[in-house]
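Residue numbers for the sequence shown follow our numbering, so the first one is 5 and each next one is one higher. Here the structure is laid out as structure tokens; the discussion comes afterwards.
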Amino acid sequence: MFRLNKFIACLLVWGSFWGPCLAVGGERTVSLSSGYFINAPLVWSNSNMAFSHFFQEINMAHGALLDTLSDTWMMERNPLLLTLGDLPLNFWISLTELVSYHEYGRYSRLRAFGYDVDFEIGVNEGRKICHNPFSFTGNLFLNPFRMGRAFPKERLWHPEGTHDLENPEEDEAFMVAVSGLNNIMRFAGDLGDGVYAGRAHSSEFIPYLMGKLGGLFYPQKLMSGLYHTDHMPISTSTRHKASLMSFLLSASTYSYILSFTHGDLPIEQHVTPLEFYGIRAPDLEVYFLTQGTSYRIKSGYRASHSLSFPVSVEFVPSGHKGCELTFGVHKHFETLADLGVGVNVMVGRGLDWDLHVHMPLGDLMFVEGSVEKMGLKSYYGQRNIPTLKHSHHSYAFLLRAGFRY
5 MFRLNKFIAC LLVWGSFWGP CLAVGGERTV SLSSGYFINA PLVWSNSNMA
55 FSHFFQEINM AHGALLDTLS DTWMMERNPL LLTLGDLPLN FWISLTELVS
105 YHEYGRYSRL RAFGYDVDFE IGVNEGRKIC HNPFSFTGNL FLNPFRMGRA
155 FPKERLWHPE GTHDLENPEE DEAFMVAVSG LNNIMRFAGD LGDGVYAGRA
205 HSSEFIPYLM GKLGGLFYPQ KLMSGLYHTD HMPISTSTRH KASLMSFLLS
255 ASTYSYILSF THGDLPIEQH VTPLEFYGIR APDLEVYFLT QGTSYRIKSG
305 YRASHSLSFP VSVEFVPSGH KGCELTFGVH KHFETLADLG VGVNVMVGRG
355 LDWDLHVHMP LGDLMFVEGS VEKMGLKSYY GQRNIPTLKH SHHSYAFLLR
405 AGFRY
């Protein structure tokens, strides 16, 4: 017991050494996004981003519920009851989120290639068809242990070039097949960004853990026969190594773990990012691309409460080797009602960029908008481009409005 206490004390000192977060945008939100209207004409949104927001807001509501319950007289006297009682609900929510967002990855890539897509839950006579991600998510929540998937119905249009879902050596088939695994890695990365932004709650560790380590439990039969460019197979050991590296070599992992050492139990515990003199300790995400396995390292520098400079590098070390560098500036203008503006530029495989604007409306509401330019050639574009109908480049627009609490 003495050694355990000494170890925890060392962890606490280490967390203090990295310093507290200068939280920016740490409030919880509930919002409506244009990315939810996936069938709207003439609106091309990065719906991968929109539905990541949707599931993050579910986690925010879950964290708010825990905080409220922990303040009650009964739970203050019996915090273990709340902690243990929440585990089944947390696992249920997390499993629903990860399966739904996994299949939305397939959905978004199929739509980008011109397919009309539906979801299904169950098989044979118990099979249920869902026509949009919300009904699919709702049915998954009610039936968390039934199989669900996104599937193509008919092709509405053909993009340029040769694309064949039936041929596992075609780039299109590969991108669709790995899109679910890439999506849950992206979701864990978005939760890590929430740690850096100061809005993470310790209860989000379960979906973070499931997203980072999803490759460990991925059925091999779903990956068999899949090859990167130049016929490089994705082996079980490759997936396992990618998952473990992304979990163990991400600073957000240790931010979540350290949050459990503050106080008696991880209730009403917000997560502090690891920073050193304003420099964000890096997070690692691993993705599967047609060029090979990519490693994305995210960091940045926070100059003040209102000014930060995010940076990331994504590289493929074997196969079709390459590198992309993304750098940006995010600024909050306190004299302009705390207007927030962010610009990011990505170079290496073409020139892509995005612009984000966030405007609080009083104390309770906000609106924000973003525009992204991306191409299929880029690593990020391969995972997120909304459509290839007119060319291998696309603009993605997103509008979001809602309440802060």
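Yeah, the Cβ is synthetic: ideal placement off N, Cα and C, and Gly gets one too.
Within 10 Å of its beta-carbon, does residue i have 16 or more other beta-carbons around it, so buried, or fewer, so exposed?
i      : result
Ala341 : exposed
Gly332 : buried
Tyr281 : exposed
Arg110 : buried
Tyr222 : buried
Lys216 : buried
Lys302 : buried
Thr330 : buried
Val17  : Any reading at Val17 must be qualified, since the residue scores a pLDDT of 32, below 50, and its modelled position is unreliable; the value itself is stated next. Flag for Val17 reads exposed.
Ser316 : buried
Phe178 : buried
Glu107 : buried
Pro92  : exposed
Asp90  : buried
His309 : exposed
Tyr409 : exposed
Trp96  : exposed
Ala307 : exposed
Gly130 : exposed
Asp175 : buried
Val2   : Since the displayed the chain opens at 5 and closes at 409, residue 2 lies outside it and no answer follows.
Pro270 : Because Pro270 carries a pLDDT of 47, less than 50, the predicted location of this residue cannot be relied on, and the following value inherits that uncertainty. Counting Cβ neighbours within 10 Å, Pro270 comes out buried, since at least 16 surround it.
Phe117 : buried
Arg203 : buried
Leu144 : buried
Met350 : buried
Gly39  : buried
Pro390 : buried
Phe251 : buried
Tell me whether residue i sits in a helix, a strand or coil according to DSSP, three-state version.
i      : result
Ile301 : strand
Phe401 : strand
Ala204 : coil
Lys325 : coil
Phe280 : strand
Arg32  : coil
Leu293 : strand
Gly126 : coil
Ile210 : helix
Arg150 : coil
His309 : coil
Thr76  : coil
Gly379 : strand
Trp96  : helix
Arg169 : First, the amino acid is wrong: residue 169 is Leu here, not Arg. Residue state, collapsed to three classes: coil.
Ile133 : strand
Pro83  : helix
Glu174 : coil
Lys393 : coil
His362 : strand
Ser254 : coil
Glu248 : The displayed chain sequence assigns Leu, not Glu, to residue 248. In this structure, Leu248 counts as helix in the three-state DSSP scheme.
Thr141 : helix
Closest to residue i by CA distance: which of the options is it?
i      : options                           : result
Phe41  : Leu99, Pro137, Pro277 and Tyr105  : Pro137
Leu169 : Leu220, Leu114, Gly152 and Gly130 : Leu114
Asp120 : Gln386, Pro92 and Leu160          : Leu160
Tyr399 : Phe155, Leu144 and Trp357         : Trp357
Gly43  : Pro83, Leu86, Asp122 and Glu107   : Inspection of the sequence shows that residue 43 is occupied by Asn rather than by Gly. Answer by Cα proximity: Asp122.
Ser56  : Pro156, Gly184, Asp175 and Val361 : Gly184
Thr242 : Gly296, Thr72 and Pro364          : Gly296
Thr2   : Leu70, Asp75 and Leu102           : As shown, the chain starts at 5 and ends at 409. That puts residue 2 outside it, with no answer to give.
Arg32  : Phe58, Ser74 and Gly39            : Phe58
Leu392 : Lys377, Leu102, Arg404 and His274 : Lys377
Leu293 : Ser312, Lys325, Phe264 and Ser263 : Lys325
Go through its chain and collect everything with a Cβ distance to residue i's Cβ below 7 Å, but skip five positions before and after it.
i      : result
Asn147 : Ile125
Thr141 : Thr100 and Ser104
Tyr200 : Pro277 and Arg284
Apart from the five residues on each side of it in sequence, which residues of its chain come closer than 6 Å, Cβ to Cβ, to residue i?
i      : result
Leu359 : Val347 and Val375
His397 : Gly379
Pro314 : Gly304 and Gly332
Gly218 : Ile188
Glu318 : Ser298, Arg300, Glu328 and Tyr383
Phe407 : Val34, Leu368 and Met369
His336 : Ser310, Asp342 and Gly344
Gly352 : Cys327, Glu328 and Leu329
Could you check if residue i belongs to the surroundings of the ligand GTP, using beta carbon to heavy atom distance under 8 Å?
i      : result
Arg150 : For the ligand GTP, the structure offers nothing, since it holds no ligand at all.
Using C-beta distances below 8 Å, list every residue in its chain close to residue i, excluding the 5 sequence neighbours before and after it, in chain order.
i      : result
Lys157 : Tyr119, Asp120, Val121 and Asp122
Lys381 : Arg353, Gly354 and His396
Cβ contact check for the stretch 59-78 and the stretch 199-216: 3 or more pairs under 8 Å: yes
Would you check if there are 3 or more beta carbon pairs closer than 8 Å linking the stretch 185-199 to the stretch 287-306? yes
State whether the stretch 280-298 contacts the stretch 241-261, with contact taken as three or more CB pairs (one from each stretch) at a distance under 8 Å. yes
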